[in-house]
Amino acid sequence: MKICMDCNARNALRATRCRKCGSNDLRQKSTHRGK
């Protein structure tokens, strides 16, 4: 899961840009795995 820094939309993990606003400023959603 990636989150757009501009509009906070959720995007696919392999997304390169936001599907909602078209921004390239995506960050990885912090997921707590392995517990």
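For the sequence shown, this note's numbering gives the first residue as 319, with consecutive numbering after it. Yeah, the Cβ is synthetic: ideal placement off N, Cα and C, and Gly gets one too.
Continuous beta strand (DSSP E) stretch holding residue i: start and end
i      : result
CYS322 : 320-322
Residues sharing a beta bridge with residue i, DSSP
i      : result
ARG328 : ILE321
ARG345 : ILE321
Cβ-Cβ distance between residue i and residue j below 9 Å
i      : j      : result
ILE321 : ALA327 : yes
MET319 : LYS338 : no
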